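Going down the list, the protein sequences come from chains C and S. When the letters of the first sequence are read in order and numbered with full-length UniProt numbering, they come out as residues 1 to 111. When the letters of the second sequence are read in order and numbered with full-length UniProt numbering, they come out as residues 1 to 394. Glycine is no exception: its CB is placed at the ideal position from the N, C-alpha and C atoms. Since this is a predicted model, take the numbers as computed values, not measurements. Some notes on the structure that comes next.
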Amino acid sequence: MIQLCSVEELTPGTVTRIARPDLPAPLALVKVGDRVFCIDDTCSHETASLSDGWLDGHEVECPLHESRFDVRTGRPDCPPARRSIRTHAVQLVDGIVYVEESSVAAEEPAR
Amino acid sequence: MSTIAVVGVGLAGVRAGEALRAQGHDGRLVMIGEEAVEPYDRPPLSKQVLLGTYEACDIALTDTASRAELDAEWLLGTRATAFDPVTRHLTLSDGQSLHAEGVVIATGARARTLSGVPELDSVHTLRTLDDARRLRDDLSRPGRVAVVGGGFIGAEVASAARALGHEVTIVEFEQMPLLRQLGSAAAGVLRRLHTDHGVALVTGVSVTGLVGRDRVQAVSLSDGRSLPADVVVVGIGAVPNTEWLAGSGVALDNGVLTDEWCRTTVPGVVAAGDVAAYRCRGGRRLRIEHWTNARDMPATAARSLLATLRGEDPVEQPAHDPLPYVWSDQYDSHLQIAGRPDADDALELVSGSFDSGFVAVYRRDGAVTGVLAVDSPKEFGRLRRELRGTWATR
Ligand SMILES: Cc1cc2nc3c(=O)[nH]c(=O)nc-3n(C[C@H](O)[C@H](O)[C@H](O)COP(=O)(O)OP(=O)(O)OC[C@H]3O[C@@H](n4cnc5c(N)ncnc54)[C@H](O)[C@@H]3O)c2cc1C
Numbered sequence: 001m002i003q004l005c006s007v008e009e010l011t012p013g014t015v016t017r018i019a020r021p022d023l024p025a026p027l028a029l030v031k032v033g034d035r036v037f038c039i040d041d042t043c044s045h046e047t048a049s050l051s052d053g054w055l056d057g058h059e060v061e062c063p064l065h066e067s068r069f070d071v072r073t074g075r076p077d078c079p080p081a082r083r084s085i086r087t088h089a090v091q092l093v094d095g096i097v098y099v100e101e102s103s104v105a106a107e108e109p110a111r
Numbered sequence: 001m002s003t004i005a006v007v008g009v010g011l012a013g014v015r016a017g018e019a020l021r022a023q024g025h026d027g028r029l030v031m032i033g034e035e036a037v038e039p040y041d042r043p044p045l046s047k048q049v050l051l052g053t054y055e056a057c058d059i060a061l062t063d064t065a066s067r068a069e070l071d072a073e074w075l076l077g078t079r080a081t082a083f084d085p086v087t088r089h090l091t092l093s094d095g096q097s098l099h100a101e102g103v104v105i106a107t108g109a110r111a112r113t114l115s116g117v118p119e120l121d122s123v124h125t126l127r128t129l130d131d132a133r134r135l136r137d138d139l140s141r142p143g144r145v146a147v148v149g150g151g152f153i154g155a156e157v158a159s160a161a162r163a164l165g166h167e168v169t170i171v172e173f174e175q176m177p178l179l180r181q182l183g184s185a186a187a188g189v190l191r192r193l194h195t196d197h198g199v200a201l202v203t204g205v206s207v208t209g210l211v212g213r214d215r216v217q218a219v220s221l222s223d224g225r226s227l228p229a230d231v232v233v234v235g236i237g238a239v240p241n242t243e244w245l246a247g248s249g250v251a252l253d254n255g256v257l258t259d260e261w262c263r264t265t266v267p268g269v270v271a272a273g274d275v276a277a278y279r280c281r282g283g284r285r286l287r288i289e290h291w292t293n294a295r296d297m298p299a300t301a302a303r304s305l306l307a308t309l310r311g312e313d314p315v316e317q318p319a320h321d322p323l324p325y326v327w328s329d330q331y332d333s334h335l336q337i338a339g340r341p342d343a344d345d346a347l348e349l350v351s352g353s354f355d356s357g358f359v360a361v362y363r364r365d366g367a368v369t370g371v372l373a374v375d376s377p378k379e380f381g382r383l384r385r386e387l388r389g390t391w392a393t394r
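Below, the structure is given as structure tokens:
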């Protein structure tokens with residue numbers, strides 16, 4: 001398990017980017033109600049950072065071309081993105097957010 | 001069971017087909033496209049496709065699953081040449097005639113060409129995948145590149161050609177690229193983007209001729225100079241594809257005229273995307289040649305067409321009233337523009353600096369008319385949302 005941050009650092013209504021040398025890919029965290037969702041931070045279409053985007057309920061809108069991704073499934077709602085982004089299961093232990101190491105292990109770079 | 005024909009299967013046509021099905025059209029759906037290839041997305045043509053990082057498969061707008069779901073008849077490599085509003089027959093380039101109760105016009109636009117110049121092999125426009133492939137071939141050899149026109153396409157081609165190692169010159173009729181669209185402060189920023197990357201700008205002149213036998217050798221300019229060039233790319237705007245509608249009763253004026261519900265002057269015929277000159281709620285006419293409009297407008301077109309075919313009044317449905325939005329990738333920078341500023345609106349920096357990334361707003365009589373950002377997507381998104389609220393109730 002990789003420790004990401006404390007739940008307190010997550011502001012409702014915003015997307016928090018976590019990019020660190022020990023993470024194979026930049027991640028984005030979203031707190032909706034009591035639940036924390038973790039997705040890849042990079043849009044599956046081009047290189048935009050989703051943490052620069054807009055959060056509306058469970059959807060993150062890419063700041064460049066406006067595809068919206070459901071943080072629960074990773075699925076985009078409309079073009080230009082066609083491929084889902086990866087979602088990662090998180091665990092909350094004593095107010096700390098953890099993510100499974102194997103889940104975030106780098107894949108083929110998306111393009 | 002009614003037949004709906006979608007004419008033109010670029011982004012707007014594909015989205016119209018998808019919207020028609022999503023909104024319950026279970027009759028026949030015929031997708032007619034002049035280009036012989038499967039529908040594809042255009043923005044990467046002047047970016048990743050020229051650079052060679054994307055191939056055709058990376059820009060497809062449909063895949064096997066989405067085509068199966070659409071359950072349409074595809075007539076690719078086929079052009080609509082006429083529409084008879086009385087018999088409701090479309091005439092196709094292969095001689096066929098197709099009866100359709102509903103028609104979606106999504107024929108987009110084509111690149112404008114230089115008039116009165118010889119046709120030479122190494123002179124290009126860029127609108128189709130074919131165009132991009134031919135230009136990419138030409139850019140695979142060393143040579144000097146002249147780009148005619150400093151608009152978005154010209155700027156992106158210049159940036160790609162530069163990245164591929166070419167010596168690049170932009171020839172622009174105005175004193176600065178995008179001056180008429182963005183005003184002098186912003187145009188100055190974009191000019192610097194070019195010069196900082198080693199692209200030369202020749203401004204305030206027009207092209208009077210091309211010199212060469214099979215391939216181009218030089219571009220003749222209105223100030224008498226001659227600019228040596230091995231490859232020329234002409235990026236001087238686009239012309240809506242409406243000729244096939246002559247005599248159809250569909251009113252045209254620099255595009256297909258539509259109302260806020262995408263209806264043309266012929267009942268059961270709607271238009272969307274680059275070809276549509278639609279009336280906004282304020283009464284203004286806009287023909288938006290940007291991707292996001294081509295993605296979003298077809299939903300309204302489909303909704304109002306289906307309502308009409310059901311004998312209902314489309315006016316009960318939401319109208320098309322978007323905030324215009326365009327992005328452009330030049331060199332390593334992302335540009336984003338929302339709204340429709342006038343060149344003489346006051347430009348006010350909101351954050352960052354004109355030397356690097358920034359967000360700025362245009363104002364007229366105190367009201368925001370547009371937002372411009374370079375490499376500041378987050379702040380841009382916030383301001384665009386604010387503008388969307390006031391724009392919609394303008
Ligand atoms: C190189 C390039 C880069 C771009 N980059 C950006 C960008 O970065 N950001 C942005 O916001 N926008 C960009 N755009 C603009 C965006 O791509 C267009 O707004 C969008 O493609 C419009 O879609 P459309 O379906 O309305 O028209 P089109 O894409 O023009 O599609 C119309 C289709 O109809 C076909 N057709 C025409 N006449 C007929 C006929 N009679 N019968 C059958 N078929 C017909 C055409 O062959 C074409 O395939 C770019 C455009 C180009 C060309």
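Beta carbon of residue i: closer than 7 Å to some heavy atom of ligand 1?
{"i": "arginine 136(S)", "result": "no"}
{"i": "threonine 264(S)", "result": "no"}
{"i": "threonine 107(S)", "result": "yes"}
{"i": "residue 396(S)", "result": "Here chain S has residues from 1 to 394 only, and residue 396(S) is not among them."}
{"i": "threonine 292(S)", "result": "yes"}
{"i": "glutamate 73(S)", "result": "no"}
{"i": "glutamate 61(C)", "result": "no"}
{"i": "valine 46(S)", "result": "The sequence given here places serine at residue 46(S); valine does not occur at that position. Correct: serine 46(S) has its Cβ closer than 7 Å to ligand 1."}
{"i": "glutamate 289(S)", "result": "yes"}
{"i": "serine 333(S)", "result": "no"}
{"i": "serine 328(S)", "result": "yes"}
{"i": "isoleucine 39(C)", "result": "no"}
{"i": "glycine 116(S)", "result": "no"}
{"i": "tryptophan 244(S)", "result": "yes"}
{"i": "leucine 11(S)", "result": "yes"}
{"i": "isoleucine 32(S)", "result": "yes"}
Check residue i in the structure and name its three-state DSSP category.
{"i": "histidine 203(S)", "result": "First, the amino acid is wrong: residue 203(S) is threonine here, not histidine. Looking at threonine 203(S) - three-state DSSP - the assignment turns out to be strand."}
{"i": "proline 177(S)", "result": "coil"}
{"i": "alanine 251(S)", "result": "coil"}
{"i": "threonine 258(S)", "result": "strand"}
{"i": "aspartate 40(C)", "result": "strand"}
{"i": "isoleucine 59(S)", "result": "helix"}
{"i": "serine 122(S)", "result": "coil"}
{"i": "arginine 340(S)", "result": "coil"}
{"i": "alanine 160(S)", "result": "helix"}
{"i": "arginine 281(S)", "result": "coil"}
{"i": "serine 351(S)", "result": "strand"}
{"i": "glycine 8(S)", "result": "coil"}
{"i": "proline 76(C)", "result": "strand"}
{"i": "proline 228(S)", "result": "strand"}
{"i": "tyrosine 362(S)", "result": "strand"}
{"i": "glycine 102(S)", "result": "strand"}
{"i": "valine 99(C)", "result": "strand"}
{"i": "valine 117(S)", "result": "coil"}
{"i": "alanine 272(S)", "result": "coil"}
Buried or exposed for residue i, going by 16 or more other Cβ atoms inside 10 Å?
{"i": "proline 63(C)", "result": "buried"}
{"i": "valine 86(S)", "result": "exposed"}
{"i": "methionine 31(S)", "result": "buried"}
{"i": "proline 12(C)", "result": "exposed"}
{"i": "alanine 106(C)", "result": "exposed"}
{"i": "glycine 24(S)", "result": "exposed"}
{"i": "glycine 198(S)", "result": "exposed"}
{"i": "alanine 68(S)", "result": "exposed"}
{"i": "arginine 111(C)", "result": "Unreliable placement is indicated for arginine 111(C), whose pLDDT of 43 sits below 50; no coordinate value is reported for it."}
{"i": "glycine 339(S)", "result": "buried"}
{"i": "glutamate 172(S)", "result": "buried"}
{"i": "glutamine 336(S)", "result": "buried"}
{"i": "methionine 176(S)", "result": "buried"}
- Is the region 259 to 270 of chain S close to the region 320 to 335 of chain S, with three or more CB pairs under 8 Å? yes
- Query: Counting pairs of Cβ atoms below 8 Å between the region 25 to 42 of chain C and the region 296 to 313 of chain S, do you hit three or more?
  - Reply: Verdict: no, contact absent.
- Task: Kindly confirm or deny that the region 43 to 63 of chain C and the region 370 to 383 of chain S touch, where touching means at least three C-beta pairs closer than 8 Å.
- Result: yes
- Message: Does the region 359 to 377 of chain S come into contact with the region 179 to 193 of chain S, if we say contact requires no fewer than three beta-carbon pairs (one atom in each stretch) closer than 8 Å?
- Response: Enough Cβ pairs lie closer than 8 Å, so yes.
- Message: For the pair the region 132 to 152 of chain S and the region 162 to 169 of chain S, tell me if three or more CB-CB distances fall below 8 Å.
- Response: yes
- Message: For the structure I just gave you, are there three or more beta carbon pairs, one from the region 98 to 107 of chain S and one from the region 45 to 59 of chain S, closer than 8 Å?
- Response: Fewer than three pairs of CB atoms, one per stretch, sit closer than 8 Å, so the region 98 to 107 of chain S makes no contact with the region 45 to 59 of chain S.
- Message: Taking 8 Å as the cut-off, does the region 120 to 137 of chain S touch the region 232 to 247 of chain S (at least 3 CB pairs, one atom from each stretch)?
- Response: Contact between the region 232 to 247 of chain S and the region 120 to 137 of chain S is present, because at least three Cβ pairs lie under 8 Å.
- Task: Mind the definition here: the region 112 to 120 of chain S touches the region 205 to 215 of chain S only if three or more C-beta pairs lie below 8 Å; say whether that holds.
- Result: yes
- Give the residues from the region 55 to 73 of chain C that approach chain S closer than 8 Å (Cβ to any Cβ), ordered along the chain. Glu61, Pro63, Leu64, His65, Glu66
- Query: If you measure beta-carbon to beta-carbon, which residues of the region 307 to 340 of chain S are closer than 7 Å to chain C?
  - Reply: Per Cβ criterion, the list reads Trp327, His334.
- Message: Can you confirm whether the region 243 to 250 of chain S touches the region 73 to 89 of chain S when touching is taken to mean that 3 or more C-beta pairs between the two stretches lie within less than 8 Å?
- Response: yes
- Any 3 or more C-beta pairs closer than 8 Å across the region 35 to 44 of chain C and the region 85 to 95 of chain C: yes
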